[in-house]
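One structure below.
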Amino acid sequence: LKNTSGLPWTTGPALLMQNGRPLGQDLLSFTPPKTDVRLPVTAAVSVRGTTSEKELGRTKGAEKYGSYNYTRINNRKTFKVVNSLDRSIRLIITADLNGKCTATSKGGKIEYAGQHPRQRNANPLQNLHSRIVWELKIPAGKSRSLSADYHYYLRQ
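Per my numbering, the sequence shown starts with residue 50, numbered consecutively.
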C-alpha cells in the first residue's frame with residue numbers, strides 16, 4: 050500500500066474487503082506520508098501452507114569464546130504451499146529464522162539482522178536473525194516445497 054496522503058498512518062488493525070467479503074486482516078504498521086508499507090494478506094482459503102523443522106545435527110564444543118564453550122545446532126526448515134485454485138498464483142513468502150541461514154532452495158534471498166560482524170568487543174557467536182524471501186508462481190492445482198538451512202549456537 051502507498052500512503053499518498055500528507056499524514057502518517059498509525060499502527061492499527063487493517064481489514065481488507067472485496068465485493069463486501071473480507072479477504073483478510075493484519076496489523077498495519079506505522080507508515081510516514083508518501084511511503085510504502087507491506088500488508089500481509091491471506092486472500093485465498095484455497096492456498097494452504099505448512100511448515101516443519103528438523104534438526105540436522107549438533108556439534109558440542111564447536112566454538113569457544115572467552116571462557117565459554119558453544120554447541121552449534123544445524124536445522125532445516127521446510128515450507129510447503131498447495132494451490133487448490135483453478136488458476137496460477139504469485140506468492141511472496143517471508144520466513145524469519147533465529148540463526149544464520151546458510152542455504153535456501155529455489156532462489157530464496159537471505160537478509161541478516163543483528164550483530165554487525167565488525168562490532169568491537171562483541172561475541173562473534175551471537176546468533177543472527179535471518180529473513181528469507183521467496184517470490185514464486187504456483188500453477189493451478191500444484192504445490193511447491195521450499196527449504197532453508199540455518200544454524201545457531203547455544204552456550205554450554
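A virtual CB, placed ideally from N, CA and C, is assigned to each residue, including glycine. Please read these numbers as outputs of a predicted model, since none were measured by experiment.
Is the distance from the Cβ of residue i to the Cβ of residue j below 8 Å?
i           : j           : result
residue 122 : residue 183 : no
residue 88  : residue 50  : yes
residue 147 : residue 200 : no
residue 192 : residue 94  : no
residue 133 : residue 90  : no
Using a Cβ-Cβ cutoff of less than 7 Å, which residues in the same chain neighbour residue i once the five nearest sequence positions on both sides are dropped?
i           : result
residue 139 : 186
residue 135 : 189
Taking only the alpha-carbon atoms, compute the straight-line gap between residue i and residue j and give it to the nearest angstrom.
i           : j           : result
residue 54  : residue 60  : 16 Å
residue 103 : residue 83  : 43 Å
residue 76  : residue 116 : 43 Å
residue 68  : residue 58  : 24 Å
residue 205 : residue 178 : 21 Å
residue 181 : residue 62  : 25 Å
By the DSSP assignment, the beta strand (DSSP E) with residue i in it spans what residues?
i           : result
residue 130 : 117-132
residue 62  : 61-67
residue 96  : 96-114
Taking its Cβ as the centre, do 16 or more other Cβ atoms sit within 10 Å of residue i, making it buried, or is it exposed?
i           : result
residue 197 : buried
residue 151 : exposed
residue 144 : buried
residue 110 : exposed
residue 128 : buried
residue 157 : buried
Less than 8 Å between C-beta atoms, sequence neighbours within five positions excluded: which residues of the same chain meet that for residue i?
i          : result
residue 71 : 64 and 65
residue 85 : 50, 51 and 52
Once the 5 residues before and after residue i are set aside, which same chain residues still bring their CB inside 6 Å of it?
i           : result
residue 107 : 120 and 122
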